[in-house]
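Residue numbers (this note's numbering): 4 to 187. Idealized CB from N, CA, C, for every residue including glycine. Being a predicted model, the structure only gives us computed values, none of them experimental.
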């Protein structure tokens, strides 16, 4: 059994929200469609302007229009992640969500994961987890398609992290650990 204490920070939540909505490997299709849609818009406007004779007008006017289209498209493409981070900050700064940032005791054992804070006590048996994802700073143990236990890797000493990863490899189902990455 392993027990660790953590207090999630607003930055932890912001990272989780950004990962789940944009950065996660399962969102590759969503990101590709977003970029294709934006590139399609550039091509569409360029074609419309070409066939309507816009490029036959003064070169300064055409340059201004093309520059405007390119700048707005580039800002749209590069700004999506920033927009998602702003949404996350809005959620984490909402006083009604303060319970996300309380001191929590996490106990990991052969039976599952228990969380206890000043407001709640929750227990998840290992089969409750449908997906595990991680990046270099966090583990995310999903118990439904949108909600996960956020576990920052920084809370573990190296021996505790090895013990935690041992629990994951022994008790987490294949589908939760890797099965969601298999494309059918």
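Assigned secondary structure, residue i (DSSP; H/G/I helix, E/B strand, else coil)
{"i": "residue 141", "result": "strand"}
{"i": "residue 152", "result": "strand"}
{"i": "residue 187", "result": "Because residue 187 sits at a pLDDT of 44, beneath the cut-off of 50, its placement in the model cannot be relied upon, and the following sentence gives the value as read from the coordinates. Of the three classes helix, strand and coil, the one that applies to residue 187 here is coil, per DSSP."}
{"i": "residue 73", "result": "helix"}
{"i": "residue 62", "result": "helix"}
{"i": "residue 78", "result": "helix"}
{"i": "residue 67", "result": "helix"}
Residue i classed as buried or exposed, judged by whether at least 16 other C-beta atoms fall within 10 angstroms
{"i": "residue 33", "result": "exposed"}
{"i": "residue 142", "result": "buried"}
{"i": "residue 15", "result": "buried"}
{"i": "residue 116", "result": "buried"}
{"i": "residue 9", "result": "buried"}
{"i": "residue 31", "result": "exposed"}
{"i": "residue 111", "result": "buried"}
{"i": "residue 187", "result": "Because the pLDDT of residue 187 is 44, which lies under 50, any placement of that residue in the model is unreliable, and the number read from its coordinates should be weighed accordingly. That one is exposed."}
{"i": "residue 179", "result": "buried"}
{"i": "residue 132", "result": "buried"}
{"i": "residue 126", "result": "exposed"}
{"i": "residue 95", "result": "buried"}
Span of the alpha helix (DSSP H), counted from its first residue to its last, around residue i
{"i": "residue 5", "result": "Here residue 5 belongs to no alpha helix (DSSP H); instead the beta strand (DSSP E) covers 5–10."}
{"i": "residue 33", "result": "31–54"}
{"i": "residue 167", "result": "161–174"}
{"i": "residue 17", "result": "13–21"}
{"i": "residue 179", "result": "177–180"}
- request: Tell me, please, whether the stretch 143–151 touches the stretch 20–34 by the rule of three or more beta-carbon pairs shorter than 8 Å.
  value: yes
- request: Determine contact between the stretch 13–20 and the stretch 71–91, defined as no fewer than three beta-carbon pairs at a distance below 8 Å.
  value: yes
message: Restricting to runs no shorter than 3 residues, where is the beta strand (DSSP E) found entirely within the stretch 86–145?
response: 106–111, 115–119, 124–128, 134–137, 141–145
- prompt: Would you call the stretch 45–61 and the stretch 171–181 in contact, with 3 or more CB pairs under 8 Å?
  reply: no
- request: Please determine if the stretch 118–128 and the stretch 100–107 are in contact, where contact requires at least 3 C-beta pairs separated by less than 8 Å.
  value: yes
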